[in-house]
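Written below as structure tokens is the structure these notes are about.
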Amino acid sequence: GAVVSQHPSWVICKSGTSVKIECRSLDFQATTMFWYRQFPKQSLMLMATSNEGSKATYEQGVEKDKFLINHASLTLSTLTVTSAHPEDSSFYICSARVGDSGNTIYFGEGSWLTVV
Amino acid sequence: AQTVTQSQPEMSVQEAETVTLSCTYDTSESDYYLFWYKQPPSRQMILVIRQEAYKQQNATENRFSVNFQKAAKSFSLKISDSQLGDAAMYFCAYKNYGGATNKLIFGTGTLLAVQP
Chain A
1 GAVVSQHPSW
11 VICKSGTSVK
21 IECRSLDFQA
31 TTMFWYRQFP
41 KQSLMLMATS
51 NEGSKATYEQ
61 GVEKDKFLIN
71 HASLTLSTLT
81 VTSAHPEDSS
91 FYICSARVGD
101 SGNTIYFGEG
111 SWLTVV
Chain B
1001 AQTVTQSQPE
1011 MSVQEAETVT
1021 LSCTYDTSES
1031 DYYLFWYKQP
1041 PSRQMILVIR
1051 QEAYKQQNAT
1061 ENRFSVNFQK
1071 AAKSFSLKIS
1081 DSQLGDAAMY
1091 FCAYKNYGGA
1101 TNKLIFGTGT
1111 LLAVQP
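First to last, the sequence lines map onto chains A and B. Residue 1 is where the first sequence starts when you use our numbering, and the numbers rise one by one after that. Residue 1001 is where the second sequence starts when you use our numbering, and the numbers rise one by one after that.
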């Protein structure tokens, strides 16, 4: 089946630095990818919709300048957490739709970010 | 706006028994998709089953089946012959029909424990 890969799986960074998380579709082209954040024992919160070749669409309350999303190719979207703070520590997951109908969405393995 | 409600924060089932997880949703749309995703301790989101709203027949995938009641806006998941590996968080999700950028809307999740 379709595979979506995220890298890194785990990352620790110092407060004030930036960190980039990659999301790749390995065996299909994804014009649209989605980025989620998940707090412990909670559901997935959609942060933004990443559109290949255009600007991302952010959900209300998500800081665009803090969570930079780039979708430069049909197989790669990146999320950059800028000037990270401890409260940004979380589990981040990306997903991508498969097929033209958009009714099948697969998820990456997720990335744990810890800001110290 | 569409909403998804999972009223059972936690459920428990004996190995080899059957368990049903509840999900209700609210929408004014007539065409949409419904999903159940499984999130084991690894945090990988795994698609369990998908239902198209225009299909009257309930979807089935091996030991997993759904009871889709469109008029009642109910979409429950039945797990038969429960196995230890079924222990996970289960999320019900909704997606409007069509539109590559249509997002998944998740419920709050049900944590399923399987007792040996």
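Here a beta-carbon is modelled for each residue, glycine too, at the ideal position from N, C-alpha and C. Being a predicted model, the structure only gives us computed values, none of them experimental.
Unbroken beta strand (DSSP E) run spanning residue i, endpoints
i: Asn-1096(B); result: 1088-1096
i: His-71(A); result: 67-73
i: Leu-79(A); result: 76-81
i: Val-115(A); result: 111-115
i: Gln-42(A); result: Per DSSP, Gln-42(A) belongs to no beta strand (DSSP E) and is neither H nor E.
i: Lys-55(A); result: Neither: Lys-55(A) is in no beta strand (DSSP E) and is coded neither H nor E.
i: Phe-91(A); result: 90-98
i: Val-11(A); result: 10-13
i: Thr-107(A); result: Just to set this straight, residue 107(A) is Phe in the shown sequence, not Thr. Residues 104-107.
i: Val-1013(B); result: 1010-1014
i: Val-3(A); result: Counting along the chain, Val-3(A) falls outside any beta strand (DSSP E), and DSSP gives it neither H nor E.
i: Leu-1112(B); result: 1110-1115
Residue i versus residue j: straight-line alpha-carbon distance, rounded
i: Ala-1053(B); j: Lys-14(A); result: 47 Å
i: Val-3(A); j: Tyr-106(A); result: 7 Å
i: Thr-1003(B); j: Asp-27(A); result: 32 Å
i: Ser-54(A); j: Phe-67(A); result: 16 Å
i: Arg-1050(B); j: Val-116(A); result: 40 Å
i: Ile-69(A); j: Phe-1035(B); result: 26 Å
i: Ser-95(A); j: Ser-1042(B); result: 16 Å
i: Leu-1104(B); j: Ser-1007(B); result: 19 Å
i: Gly-1107(B); j: Ala-72(A); result: 31 Å
i: Glu-1029(B); j: Gln-1069(B); result: 15 Å
i: Ser-18(A); j: Val-1114(B); result: 41 Å
i: Ser-89(A); j: Glu-22(A); result: 17 Å
i: Asn-51(A); j: Asn-1102(B); result: 12 Å
i: Pro-8(A); j: Gln-1014(B); result: 37 Å
i: Tyr-1090(B); j: Asn-1058(B); result: 18 Å
i: Lys-1055(B); j: Phe-39(A); result: 34 Å
i: Gln-29(A); j: Arg-97(A); result: 9 Å
i: Pro-86(A); j: Tyr-1037(B); result: 29 Å
i: Lys-41(A); j: Met-1011(B); result: 14 Å
Contact list for residue i against chain B, beta-carbon separation under 7 Å
i: Ser-43(A); result: Phe-1091, Phe-1106, Gly-1107, Thr-1108, Gly-1109
i: Ile-93(A); result: Met-1045
Check whether residue i and residue j have beta carbons under 8 Å apart
i: Asp-1086(B); j: Leu-1112(B); result: yes
i: Ser-1082(B); j: Ala-1016(B); result: yes
i: Gly-110(A); j: Ser-5(A); result: no
i: Leu-113(A); j: Val-11(A); result: yes
i: Ile-93(A); j: Tyr-36(A); result: yes
i: Thr-1020(B); j: Lys-1078(B); result: yes
i: Ser-43(A); j: Gly-1098(B); result: no
i: Leu-1084(B); j: Pro-1116(B); result: yes
Listed by chain order, chain B residues near residue i by CB distance under 9 Å
i: Leu-74(A); result: Simply none; closest approach about 12 Å.
i: Leu-46(A); result: Lys-1103, Leu-1104, Ile-1105, Phe-1106
Within chain A, partners of residue i - CB distance below 8 Å
i: Gln-1044(B); result: Phe-107, Glu-109, Gly-110
Contacts that residue i makes with chain B (C-beta to C-beta distance below 8 Å)
i: Phe-34(A); result: Lys-1103, Leu-1104
Beta strand (DSSP E) runs contained entirely in the region 1016-1104 of chain B, provided each spans 3 or more residues: Whole beta strand (DSSP E) segments, 3+ residues: 1019-1021, 1024-1026, 1032-1039, 1046-1052, 1064-1069, 1074-1079, 1088-1096.
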